[in-house]
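K.L.:
Numbering (this note's numbering), first residue to last: 16 to 605. The structure follows.
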Amino acid sequence: MRMSQLFGQTLREAPADAEIPSHRLLVRAGFIRQLAAGIFTVMPLAHRSITKIENIMRDELNAIGGQEMTMPVVHPAEIWQETERWYQIGSEMGRFKDKNNRDMVLAMTHEEVVADITRTEVQSYRQLPRLIYHIQTKWRDDPRPRAGLIRVREFTMKDSYSLDMDWEGLDKQYRNHYQAYFNIFHRCDIPVTAVRSDVGMMGGKLAHEYMYLTAVGEDTLLLCDNCGYGANRQIARFRKNENPPEDLKPIKKVATPDTKTIESLAKLLNVPESRTAKAVFMIADIPEGTDTIERFVFAVIRGDMDVNETKLTNAIKAKAMRPATEEEIASVGAVPGYASPVGLKDVVVVIDDAIPQSPNLVAGANETGYHLMNVNYERDYTADIITDIASAQEGDACPDCGSDLRTIRGVEVGNIFKLGTRYTEAMGSYFLDRDGQEKPIIMGSYGIGSGRLIACVAEEHHDDLGLIWPITVAPYEIHLVALSGRGTSETLEEAEKLYAELQTAGYEILFDDRDESPGVKFNDADLLGMPIRLTVSDRARSQGGVEYKRRDKQEKDIIPSGDVVKRITEEINQMHAEIQAKVVSIPYDG
RNA sequence: CGGGGCGUAGCGCAGACCGGUAGCGCACCGCGUUUGGGACGCGGGGGUCGGCGGUUCAAGUCCGCCCGCCCCGACCA
């Protein structure tokens, strides 16, 4: 490709609203342009990189038996109504009506379409297992797109769907993906760690997220360096230290003026925060059939812990949750700062599973300025649900081995879900088994967003000057710079010759044939970040060849004119070998 | 959805407080000089100042409403 012909130009300055490096550099280098919040145009250079990423995904998916196909972006609402996600998902779903006033959905994901197509295509166990995938556009109207390509509303995703006759089959396909995904990320030269994750709107049994660890990430993970436990904070478990057992003491009301926080309460009464109970009030939207009802949720947790809203949402099977307003709190008889589960009405009480183990806690009296001492679960109040609703923190004990957990930020670049029969049962996607029984197909789903992935590659591989593409995903392998100064048509001729020669040899070259100064060309080469830079100039010619430089290294040297193709072949093989060395087998954590 | 910020040429910004013919740098077009780290001279093109309404002789500037974009939080796969 001649740079003089390339569509799109580089920018000396990044748009003021681009903050993180991948966003700034991808925009400056002319890889992406924004159309609206969370909606981007992929320019030719980025398109080439994304195509390479997609081909890596195809390669790995085909290797585990995947068959590529394409499913529609626009769906009739009926299939989403059949699985009830039409009702469960809120404003993130893109809905519109067609010309006949029929409800339509923009694809957020394709479980419904898969479950629909299998209704007609799979009748027998002989047609299982199968693995199908496609690379297709998704629309998720995220309330807050941000950070360039990291979090967008419209994006392209590789999503695969496994179809099995039994759970052993699903387990096998899940494990296949577990390793194939590591291979994909490693071949793109980004380090990832797989952690257990919330199943969220997908439903299902088991899920992992592949996290690229970076400060710009918006997910928080808890990792155990001792035993390897890793989980998204949304579902991370931890060992809760138990309060010492003691006999139940009589309840006692004490005056605690101006003591609205756990910290001040513990200090005033001279008890550890773990001897207090804290209340959190939420309003939850809970689906009931095709309707949604609002319920007041009163969550109780020990004072030394925080409520994890994902766990709480899952515990009550809510569609959405928000903090209750002061009026709503007052209307159920509670008093913010002095709230207590004792003596409430018309609320769903959810208590953390550490509470029943913790005798004689201090709780609010539902009266401003007063708390109750020695409040005990069962004797003084009851709960609708007892489960783990606590949020794991840095330093909490690992649920598996008891070592300290540490927290770190990450970007979710992929996920895998054991869905089971949630979609196939809802949609009547059954097959006839060997034993003559009709059974629902067992599904798994597995996704990787290609745009987010390229942003993570850019985030991982850049410096102050620009991008530094790994050879496997670079738009072009070679950036050929011609410094054709005054009176040196020989230099331009040699560059043209080299361009033709390397193309014939099968390499991908971005040829800077523009009439620009050396500074402009070198700066653009650094910004665009192709793995190899070749410079043809008077100087290099006088030294008998062309200058070679790797983008990720400082050293330069002169390759004799006759040896260029041979040397480039060696260097590119070397680069591929460096990345291949990172593609390793990862122990399965399931 | 809550809090904050910003919308003036493709990009980065001034002008607004104090109303009076819309500017600068980069980028772009032409001619010439220049060519190993974002060259220089001369000449040029490009803006309904986010939108609508109001105040005023006069609005980029003052007032109101709306829209868009960004950041923090909530939320999310």
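Ideal Cβ placement from N, Cα and C applies to all residues, glycine included. Given the structure is predicted, the values throughout are model-derived calculations rather than measurements.
Can the beta-carbon of Ser465 be found less than 7 Å from the beta-carbon of Ile79?
P.N.:
Taking 7 Å as the Cβ cut-off, Ser465 and Ile79 do not qualify as a contacting pair.
K.L.:
For Ile344, which of Ala330, Lys564 and Val363 has the nearest alpha-carbon?
P.N.:
Minimum Cα distance to Ile344 is reached at Val363.
K.L.:
Please classify Arg529: does DSSP put it in a helix, a strand, or coil?
P.N.:
coil
K.L.:
Looking only at DSSP bridge pairs, what is Tyr392 linked to?
P.N.:
Tyr396
K.L.:
Going by the CB atoms, is the gap between Ile277 and Lys293 shorter than 7 Å?
P.N.:
yes
K.L.:
Going along the chain, which unbroken runs of the beta strand (DSSP E) with 3 or more residues stay wholly within the stretch 252-326?
P.N.:
267-270, 292-303 and 306-317
K.L.:
For Glu453, count neighbouring Cβ atoms within 10 angstroms of its own Cβ and tell me buried if that reaches 16, exposed if not.
P.N.:
With fewer than 16 Cβ atoms within 10 Å of its Cβ, Glu453 is classed as exposed.
K.L.:
Under a Cβ-count criterion, where at least 16 other Cβ atoms within 10 Å of its own Cβ denotes burial, should Thr56 be classed as buried or exposed?
P.N.:
exposed
K.L.:
Quick one: using the 10 Å Cβ neighbour count with 16 as the cut-off for buried, is Leu50 buried or exposed?
P.N.:
exposed
K.L.:
Looking only at C-alpha atoms, which of Ile54, Ile35 and Glu126 sits nearest to Phe432?
P.N.:
Glu126
K.L.:
Are there 16 or more other CB atoms within 10 angstroms of the CB of Phe526, so buried, or fewer, so exposed?
P.N.:
buried
K.L.:
For Asp319 and Asp368, what's the separation of their Cα atoms in angstroms?
P.N.:
14 Å
K.L.:
Restricting to runs no shorter than 4 residues, where is the alpha helix (DSSP H) found entirely within the stretch 334-384?
P.N.:
341-346
K.L.:
Cutting at 8 Å between CB atoms, please list the residues of its own chain near Thr25, excluding the five before and the five after it.
P.N.:
For Thr25, where only same-chain residues beyond five positions count, the Cβ hits under 8 Å are Arg43, Ala44, Gly45, Asp539, Leu542 and Leu543.
K.L.:
What three-state label does DSSP hand Asn115 in the structure shown?
P.N.:
coil
K.L.:
Beta carbon of Val167, beta carbon of Gly53: below 7 Å?
P.N.:
yes
K.L.:
With a floor of 4 residues, list each alpha helix (DSSP H) that falls wholly inside the stretch 121-186, ordered by position along the chain.
P.N.:
126-136
K.L.:
Could you have a look at Asp572 and say whether DSSP puts it in helix, strand or coil?
P.N.:
strand
K.L.:
Can you give me the Cβ contacts of Asn241 inside the same chain, cut-off strictly under 6 Å, excluding the 5 residues immediately before and after it?
P.N.:
Once the five neighbours on either side are set aside, the close Cβ partners of Asn241 are Cys416 and Ser418.
K.L.:
Please list, in chain order, all residues of the same chain as Lys67 whose beta carbon is under 7 Å from its beta carbon, the five residues on each side excluded.
P.N.:
For Lys67, same chain residues with a beta-carbon under 7 Å away, outside a window of 5 residues either side, are Thr487 and Val488 in chain order.
K.L.:
Do Ile493 and Ile524 count as a contact pair if the criterion is CB distance below 7 Å?
P.N.:
yes
K.L.:
Count the C-beta pairs between the stretch 133-140 and the stretch 118-125 that are closer than 8 Å, then say yes if the count reaches three, no if not.
P.N.:
no
K.L.:
Measure how close the beta-carbons of Ser177 and Met458 come, nearest whole angstrom, since I'm counting them as under 8 Å.
P.N.:
Right, the Cβ-Cβ distance comes to about 7 Å (below 8 Å), so this counts as a contact.
K.L.:
Just verifying my parser: in three-state terms, what is the DSSP assignment at Ala592?
P.N.:
helix
K.L.:
Could you tell me how far apart the beta carbons of Asp578 and Met180 are, in whole angstroms, since I believe they sit closer than 8 Å?
P.N.:
With 8 Å as the limit, Asp578 and Met180 do not qualify as a contact, their Cβ atoms being about 58 Å apart.
K.L.:
With distances taken between CB atoms, is the gap from Ser355 to Ala380 smaller than 7 Å?
P.N.:
Cβ atoms of Ser355 and Ala380: closer than 7 Å.
K.L.:
With distances taken Cα to Cα, identify the nearest neighbour of Val598 among Ser19, Arg159 and Ile205.
P.N.:
Nearest option by C-alpha distance: Ile205.
K.L.:
Tell me which residues share the same chain as Leu480 and place their Cβ nearer than 7 Å to its Cβ, disregarding the 5 neighbours each side in the sequence.
P.N.:
Asp541 and Leu542
K.L.:
Among the candidates Tyr491, Arg254 and Glu474, whose CA atom is the shortest distance from the CA of Leu691?
P.N.:
The requested residue 691 does not occur in the structure, where the chain is confined to residues 16 to 605.
K.L.:
Straight-line CA distance for Glu99 to Ala441?
P.N.:
8 Å
K.L.:
Among Thr402, Glu261 and Leu284, which one has its Cα closest to the Cα of Ala270?
P.N.:
Leu284
K.L.:
Once you ignore the five residues that flank Ile333 on each side, which residues in its own chain have a CB closer than 7 Å to its CB?
P.N.:
A small correction: the amino acid at residue 333 is Ala; Ile does not occupy that position in the sequence shown. Here the set comprises Ala299, Asp300 and Ile301.
K.L.:
Going by the CB atoms, is the gap between Asn247 and Leu238 shorter than 7 Å?
P.N.:
no
K.L.:
Please state whether the Cβ-Cβ distance between Glu75 and Asn198 is less than 7 Å.
P.N.:
yes
K.L.:
Which of helix, strand or coil does DSSP assign to Tyr438?
P.N.:
helix
K.L.:
With burial defined as no fewer than 16 other Cβ atoms inside 10 Å of the residue's Cβ, what is the status of Met590: buried or exposed?
P.N.:
buried
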